[in-house]
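Novice:
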Amino acid sequence: MLVFSLLEAIRSWCIQRVGARFDKAVDMEDGQLTAYALKELEERTAESRLCYATACGGGEFEVRDGHVNFPIRLATRSCACGKWQICGIPCKHALRVIYDQRMNPHDFISPWFKAAAYNPTYTEHIHPMEDPSQWPDFGLPTIQPPIIKRPSGRPAKKRKKGANEPKKGKRNTNVKCGKCREFGHNSRTCKSGGTSATGPSTSKRGAAGASTSKGGPNTRKRAKTAA
């Protein structure tokens, strides 16, 4: 039911949105601009007050915005900043020229933002639908969720890697042998027999300690003197 509730909420939202725009489209007159186009035109008109236009002749103008010049061509409806060509609404540089030439900026806005294009978009609306309690009963079986069985064994904790995912390289660790004190192997794989050029091996020191603990000649002498 959670998925059904989500779909029902989306349907209700779409009905309200499309219905409101359908009412706006019905009330719009020919040549009237959309609310978005009017808002953009108002904001860009306020920004155009800081620009200065210079007529170059032949329908071409140069508009200074701060320290940057922008060429304007009214015949092709183009500006060097590119905003007019992309969105279809004159940019602040083009509006500066349009207002200086005593022209109507609505004539230079793309027909996409006018009633002629807005009305056909929302001529159709979403029709109302009956409540699920009023739907006819077809006697179909209720689909139950699948039974999930826990697999035997310890559950895997590592994620499954992709086919193109690179494998991790070996960790760069320096292993030191406990017998010969050399790097690159450990005491189990040591082949030098415990002999090292740097000093006595661990095996010899271990043997000397073992003889002392078992009672070597020095130990027996000390025992006789004490007796």
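The sequence shown begins at 11 in the numbering used here and counts up by one.
Each residue gets a CB set at the ideal place from its N, CA and C atoms; glycine is no exception.
1. Beta-carbon within less than 7 Å of W200's beta-carbon, same chain only, minus the 5 sequence neighbours each way: which residues are those?
2. Does the beta-carbon distance from D110 to A63 come in below 7 Å?
3. Taking 7 Å as the limit between beta carbons, can you name the residues of its chain near F80, skipping five residues before and five after?
4. Could you check what DSSP says for E57 in three-state terms: helix, strand or coil?
5. Within 10 Å of its beta-carbon, does L17 have 16 or more other beta-carbons around it, so buried, or fewer, so exposed?
6. Do the stretch 15 to 33 and the stretch 116 to 123 make contact, defined as three or more Cβ pairs closer than 8 Å?
7. Tell me whether D75 sits in a helix, a strand or coil according to DSSP, three-state version.
8. Rounded to whole angstroms, how far is the Cβ of L60 from the Cβ of I99, which I believe are closer than 8 Å?
9. Kindly indicate which three-state DSSP category I108 falls into: helix, strand or coil?
10. Measure the Cβ-Cβ separation of L105 and R54 and say whether it is below 7 Å.
11. State the DSSP-derived secondary structure class of A85, mapped to helix, strand or coil.
Specialist: This is what the structure holds:
1. In the sequence as presented, Trp is not what sits at residue 200; that position holds Cys. Here the set comprises C187, K189 and C190.
2. yes
3. V73, C89, A90, C91 and H103
4. helix
5. exposed
6. no
7. strand
8. About 18 Å separates the two Cβ atoms, so there is no contact after all.
9. helix
10. yes
11. coil
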